[in-house]
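Presented below is the structure to which this report refers.
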DNA sequence: TAATTGACGATTGTCGACAATCGTCAATTC
DNA sequence: GAATTGACGATTGTCGACAATCGTCAATTA
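Protein chains in written order, with my numbering: chain P, 12 to 234; chain L, 12 to 234.
Here it is in structure tokens:
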């Protein structure tokens, strides 16, 4: 028997809006009005409000009280914040996972790394981003740390939003594998310090490139 | 002329409830009903609902959809999560602040550390916790990282809640000063790596003690 | 006697209506 | 012409009412 999954309307509305924002179907900076969204979603305005509040907490929407809601526009500074935070969280996750490596089933880690290698060989950029995220998700899950997991997801969502809205080119191929292998091996070996260090540093170059790219976009827009 | 600060009722309600939860005036595990709170706060139930949603996002309240709301009960595992996360965020803040030390006014850091030393000499436990938090807040502010700041506050709130609800004894005196001095000096010196390392490690012993204490409490309750 | 069913009160989820606020624009004043 | 004022439509904030859900308890069944 298939369980009926109950999901209240405000949660469902937040899901739909989140998806539209993350895919850039609703562009960054867009005005969101409760009345219009309520009409489109077929819900009461109050329900939509609750959904919007949730998205504000995830950093995807900005509320100006008494005035309105809009999709967050992420600046180069935002990107820097997100990357530094992500790096720190990934380091924590890798270190904790490595500490527990001796007592855990590492199949999920191995599978995720295999998947990453597979898509890197195919040079499918969207799939690379997904597999990269999935690898880190697997590690965060191994850390057994719910708050870390929740926060990591929120940060990663916003990073995806950055990438989607800037049309940034994300590297692929062998370098992605090479960046991740030492971290995965340190986790397997139970070496928490190295795992944390590799996790912290593994994305530094790509992150800097994206931040620089966003700064250039901002300068062009200011002209 | 004093500006009128507009603060919508749902935000004000969240403020009031947060304060009551953090001070343990409403104990952990307490059932919160919208009807009763609305009556007590003199607001509509929908407004209270919005406030409760916000507190859920801060980890202070747990919602069981269709069933109810209650003040979060933080377990030893929760405490472990909070301490590891806090440690990681403090390390990030200290490292970033140290990177910027050459271009910043470090007065706030110095003052906060002085204040900490002052209250440690007086052995006033509540004031020590406040001054400890204020020192880290000052560092987080120096890091110029809004998301880090917001997340740090949420984590720190929950830690206060842990401490308040467990009646744990928090150490004081010279050891607190000794734990913080190397981090503060590394920040002043612009040594990001040391600042991050000292920040990450400086609370390990106290954190472990509290987690162990909570585990013991849980075992007693299970008897 | 234990398990199942049904009723009911309490509470949550959602709705639409009223009140408050804001931004815009035209009219007025200096 | 620039600054100020006032009106108005659009939108947000809050409200109370209706509908849906849950937990509890008594009644019924096996």
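No residue lacks a Cβ here, since even glycine has one placed at the ideal position from N, Cα and C.
Whole-Å CB distance - residue i paired with residue j, under 8 Å assumed
| i | j | result |
| --- | --- | --- |
| residue 159 of chain L | residue 92 of chain P | 7 Å |
| residue 53 of chain P | residue 109 of chain P | Not really, about 48 Å apart at Cβ, beyond 8 Å. |
| residue 32 of chain L | residue 172 of chain L | 7 Å |
| residue 127 of chain P | residue 146 of chain P | 5 Å |
| residue 72 of chain L | residue 43 of chain L | 7 Å |
| residue 55 of chain P | residue 62 of chain P | Their Cβ separation, rounded to whole angstroms, is 11 Å, which puts residue 55 of chain P and residue 62 of chain P out of contact at 8 Å. |
| residue 141 of chain L | residue 187 of chain L | The pair is not a contact, with the Cβ atoms about 12 Å apart (cut-off 8 Å). |
| residue 225 of chain L | residue 25 of chain L | At roughly 26 Å, the Cβ-Cβ gap does not stay under 8 Å, so residue 225 of chain L and residue 25 of chain L are not in contact. |
| residue 162 of chain P | residue 23 of chain L | The pair is not a contact, with the Cβ atoms about 27 Å apart (cut-off 8 Å). |
Assigned exposure category for residue i - 16 Cβ within 10 Å defines buried
| i | result |
| --- | --- |
| residue 46 of chain L | exposed |
| residue 13 of chain L | exposed |
| residue 75 of chain P | exposed |
| residue 30 of chain P | exposed |
| residue 219 of chain L | exposed |
| residue 206 of chain P | buried |
| residue 215 of chain L | exposed |
| residue 58 of chain P | buried |
| residue 95 of chain P | buried |
| residue 21 of chain L | buried |
| residue 27 of chain P | exposed |
| residue 77 of chain L | exposed |
| residue 10 of chain L | Chain L is shown only over 12 to 234; residue 10 of chain L falls outside these bounds and no answer can be derived. |
| residue 18 of chain L | exposed |
| residue 60 of chain L | buried |
| residue 211 of chain L | buried |
| residue 106 of chain P | buried |
| residue 231 of chain L | exposed |
| residue 34 of chain L | exposed |
| residue 169 of chain P | buried |
Residue i at chain P interface by Cβ criterion, 8 Å
| i | result |
| --- | --- |
| residue 23 of chain L | no |
| residue 302 of chain L | A question about residue 302 of chain L goes unanswered here, because the residues of chain L that appear run from 12 up to 234. |
| residue 162 of chain L | yes |
| residue 152 of chain L | no |
| residue 64 of chain L | yes |
| residue 78 of chain L | no |
| residue 107 of chain L | yes |
| residue 95 of chain L | yes |
| residue 135 of chain L | no |
| residue 61 of chain L | yes |
Coarse secondary structure for residue i, derived from DSSP in three states
| i | result |
| --- | --- |
| residue 43 of chain L | strand |
| residue 113 of chain L | helix |
| residue 81 of chain P | strand |
Any chain L beta carbon closer than 8 Å to residue i
| i | result |
| --- | --- |
| residue 157 of chain P | yes |
| residue 92 of chain P | yes |
| residue 214 of chain P | no |
| residue 226 of chain P | no |
| residue 57 of chain P | yes |
| residue 147 of chain P | no |
| residue 19 of chain P | yes |
| residue 115 of chain P | no |
| residue 103 of chain P | yes |
Worksheet item: Is the segment 93-100 of chain L touching the segment 99-118 of chain P, taking contact as three or more C-beta pairs under 8 Å?
Response: yes
Practice prompt. Spell out a yes or no on whether the segment 147-161 of chain L and the segment 117-128 of chain L are touching, meaning 3 or more CB-CB pairs, one atom from each, closer than 8 Å.
Written response: At 8 Å Cβ cutoff, the stretches touch.
Worksheet item: Given 8 Å as the limit, is there contact between the segment 27-46 of chain P and the segment 124-134 of chain P, that is, 3 or more CB pairs closer than that?
Response: no
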